[in-house]
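Q: A single structure is presented below for examination.
Numbering (the numbering used here), first residue to last: 427 to 552.
So, in structure tokens, the structure goes:
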């Protein structure tokens, strides 16, 4: 009987030791799972940040393309205005008017400014 009690005690001690080892291993496994979950959450957040940056870059690229297009359009308008001004100067010099130089150097009246602006806009619209 005494041997039986000793044997049962040893088995209970072994079972308790194994249970403690299982708890330690389980705690380590839970810690590893939590660490991986945090790492995955951090990676997901980084990926969301990268997507946001890509969208922002694309938006800025689109805005830059729009500005470039507007600048090209403005350049075309200015070129048309320049051509119109040169044509007007040539026409004025061909007319042989001695007052051409004075008229060009004198500030235009508001009505002539408006009519020239309208003509220039008409020229650029065509």
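The beta-carbon is built from N, C-alpha and C at its ideal position, and this holds for glycine as well.
So, for residue 484: in the same chain, excluding its five sequence neighbours on each side, which residues have a beta-carbon less than 6 Å away from its beta-carbon?
A: Cβ neighbours of residue 484 beyond the five flanking positions: none.
Q: Tell me the DSSP secondary structure of residue 427 in three-state form.
A: Residue state, collapsed to three classes: coil.
Q: Tell me the DSSP secondary structure of residue 522 in three-state form.
A: Three-state DSSP puts residue 522 in coil, outside helix and strand.
Q: Rounded to a whole number of angstroms, what is the C-alpha to C-alpha distance between residue 499 and residue 464?
A: About 52 Å.
Q: Please report the straight-line C-alpha distance between residue 491 and residue 479, rounded to a whole angstrom.
A: About 18 Å.
Q: Expressed to the nearest angstrom, what Euclidean distance is found between the alpha-carbon atoms of residue 517 and residue 507?
A: Answer to the nearest angstrom: the Cα atoms are 15 Å apart.
Q: Taking only the alpha-carbon atoms, compute the straight-line gap between residue 391 and residue 522 and give it to the nearest angstrom.
A: For residue 391 there is no data in the structure shown, the boundaries of the chain being 427 and 552.
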